[in-house]
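Chains as they are written, first to last, in our numbering: chain A, 1 to 226; chain B, 1001 to 1209. For glycine and all other residues, C-beta sits at the position ideal for the given N, C-alpha and C. All figures in this text were calculated on a predicted structure; none of them were measured in a lab. Notes follow once the structure below has been shown.
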Amino acid sequence: MSTSALQAARLILARDLRLALRKRGQFVQPLAFFAIVTTLFPLSISPDLARLREIASGVLWVAALLASLLALEFLFRDDAHDGTLEQYALSGQSLTWLVFAKTTAHWLLTGVPLALMAPLAGMSLGVPYAALPGIIVPIALGTLVLSLIGAIGAALTLGVRRSGVLLTLLTLPLAVPVLIFGAQATDLAIRGASFAAPLYLLSAMAVLGVTLAPLAASAAVRISLE
Amino acid sequence: MVRRSIQAERIELWRGERHVLAGIDLEVGAGEMLQVTGANGSGKTSLLRTLCGLMHLEDGRLLWGGRSVYEDLPAFHSQLVYLGHAPPLKADLTARENLHYWVGIRRSLGAADITAALERVGAAAWGEQPARTLSAGQKRRVALAGVILFAAPLWLLDEPATNLDGEGQRLVGTLIDEQLQCGGVVIVAVHQDLPVRSAEPRRLELSAA
């Protein structure tokens, strides 16, 4: 009996999550990076919470952006190396759909843990409790967009050895709007204002990313297999 | 039911400045096997990758069951299994998990199917071991279990017997024999003839461009 598209996506998710559990180092690395960067700021600037609160949204977002860029390199690399991507392309399933499933797994393994860690980092930067949803929600959404944009970059650089720098250069310009609106949302939340407007923009970007990025990424994967 | 035969007419493939496939013609029907031979770098792998639709040919036609494979690539892909020279196994998953995720994306598998396939290739003893602990020959056997599990009519195998011991090479021959008896189509890239009994293997010799 042939596998349905939904089952195939579930298999890919389960497989990538299981692999991440077996290879914890790779998955902990961006989180550790995020924790280090955000804790170094109070040490280097000032322990004064009022001053830290001023820069908290910027610190959190720059750290989250760089941490998720750090994780991108692993998105397709191992699978390209051992021929798994080739088998995906020959599976008879839509490669776009499978790439979307892989990107979702990547977000679950980097974006979601980052969004859950960010409130802790926020509190060490003097962010009030009431503003914590203004950190979790925009970062969760923003990292989803970053994973989707990053999937295109990661797929395009599959043929390049030591692709880290090129991947960052490709992805960064597209990631800047996420940084701007995400940091704005968090900043508004810290000031106690409504952060709905930038959040809507982030959501719009997420919708655009979900619809277009897997198409572009799967086309790039196909080219890399030729 | 699609007529099981693959046909290539004057296919041409360039890689940069290299003319890798220069007007290759072939036709392999149900129960037939084609052995592709040639020196290293003569384009055996490129030919197999072109036949499975991973590489796009620049000129010529590629037909499966009399119809161009490019009309419906996903449907064509679900009729074939391609095994490259490296087995597509994840080092951190066990042999059994590897098969579950690899083949499962196309066909729903039960645990019993995987057990049966592992036993068939003599890999039952190390089914629960992570692939990283397996030797190259053991990995090759697990990959062969995957090939059986796909139950696809068209097999495209790139050096399926590398790293295998004498008994393993006979196993490859037997598996191909069984596939041919079920009316399957087999194309293999090889350096040495495989011990296949049921059909007189046809040969295609590629010369280095």
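Where residue i and residue j are concerned, what is the direct C-alpha to C-alpha distance, given to the nearest angstrom?
i: Met1001 (chain B); j: Ala213 (chain A); result: Annotation note: pLDDT 45 at Met1001 (chain B) (below 50); position unreliable, coordinate value reported separately. For Met1001 (chain B) and Ala213 (chain A), the distance between alpha carbons rounds to 37 Å.
i: Leu72 (chain A); j: His1085 (chain B); result: 27 Å
i: Ala1022 (chain B); j: Gly1016 (chain B); result: 14 Å
i: Pro173 (chain A); j: Ser57 (chain A); result: 20 Å
i: Ala155 (chain A); j: Leu98 (chain A); result: 13 Å
i: Glu1032 (chain B); j: Leu1180 (chain B); result: 6 Å
i: Ala1124 (chain B); j: Ala1136 (chain B); result: 16 Å
i: Pro1130 (chain B); j: Ser1005 (chain B); result: 37 Å
i: Val1020 (chain B); j: Trp1155 (chain B); result: 22 Å
i: Ile1153 (chain B); j: Pro177 (chain A); result: The sequence shown places Pro at residue 1153 (chain B), rather than the Ile named in the question. Between Pro1153 (chain B) and Pro177 (chain A), the C-alpha separation is close to 50 Å.
i: Tyr129 (chain A); j: Leu85 (chain A); result: 44 Å
i: Gly1168 (chain B); j: Pro1195 (chain B); result: 11 Å
i: Pro1088 (chain B); j: Gln29 (chain A); result: 26 Å
i: Ser1207 (chain B); j: Gly1043 (chain B); result: 8 Å
i: Ser1108 (chain B); j: Leu1062 (chain B); result: 29 Å
i: Leu170 (chain A); j: Leu69 (chain A); result: 11 Å
i: Asn1163 (chain B); j: Leu1144 (chain B); result: 12 Å
i: Trp1102 (chain B); j: Asp48 (chain A); result: 54 Å
Buried or exposed: residue i, going by 16 or more other Cβ atoms within 10 Å of its Cβ?
i: Arg1049 (chain B); result: buried
i: Pro1074 (chain B); result: exposed
i: Asn1040 (chain B); result: exposed
i: Met1 (chain A); result: exposed
i: Glu1097 (chain B); result: buried
i: Glu226 (chain A); result: exposed
i: Ile223 (chain A); result: exposed
i: Gln1192 (chain B); result: exposed
i: Leu188 (chain A); result: buried
i: Pro133 (chain A); result: exposed
i: Ile190 (chain A); result: buried
i: Arg15 (chain A); result: buried
i: Gly153 (chain A); result: buried
i: Arg1018 (chain B); result: exposed
i: Val207 (chain A); result: exposed
i: Leu144 (chain A); result: buried
Does the CB of residue i have a neighbour CB from chain B at under 7 Å?
i: Leu188 (chain A); result: no
i: Gln87 (chain A); result: yes
i: Leu90 (chain A); result: yes
i: Ser2 (chain A); result: yes
i: Asp16 (chain A); result: no
i: Gly159 (chain A); result: no
i: Lys23 (chain A); result: yes
i: Thr96 (chain A); result: no
i: Ala8 (chain A); result: yes
i: Gly126 (chain A); result: no
i: Glu226 (chain A); result: yes
i: Gly83 (chain A); result: yes
Could you tell me whether the Cβ of residue i comes closer than 7 Å to any Cβ of chain A?
i: Arg1107 (chain B); result: yes
i: Pro1201 (chain B); result: no
i: Leu1057 (chain B); result: no
i: Ala1086 (chain B); result: yes
i: Asp1158 (chain B); result: no
i: Pro1153 (chain B); result: no
i: Leu1048 (chain B); result: no
i: Asp1113 (chain B); result: no
i: Met1001 (chain B); result: The predicted position of Met1001 (chain B) is uncertain, since its pLDDT is 45 and thus under 50; no value can be drawn from it.
i: Tyr1070 (chain B); result: no
i: Asp1025 (chain B); result: no
Cβ atoms of residue j and residue i: under 7 Å apart, would you say?
i: Ala115 (chain A); j: Ile139 (chain A); result: yes
i: Leu1157 (chain B); j: Val1188 (chain B); result: yes
i: Glu1071 (chain B); j: Glu1012 (chain B); result: no
i: Pro119 (chain A); j: Ile136 (chain A); result: yes
i: Gly142 (chain A); j: Gly182 (chain A); result: yes
i: Ser91 (chain A); j: Ile1105 (chain B); result: yes
i: Phe100 (chain A); j: Ala67 (chain A); result: no
i: Asp1177 (chain B); j: Arg1197 (chain B); result: yes
i: Leu199 (chain A); j: Ala185 (chain A); result: yes
If we count Cβ pairs, one from each stretch, closer than 8 Å, do we get three or more for the region 113 to 125 of chain A versus the region 37 to 54 of chain A?
-> yes
Kindly confirm or deny that the region 1075 to 1083 of chain B and the region 1024 to 1041 of chain B touch, where touching means at least three C-beta pairs closer than 8 Å.
-> no
Any 3 or more C-beta pairs closer than 8 Å across the region 99 to 106 of chain A and the region 158 to 166 of chain A | no
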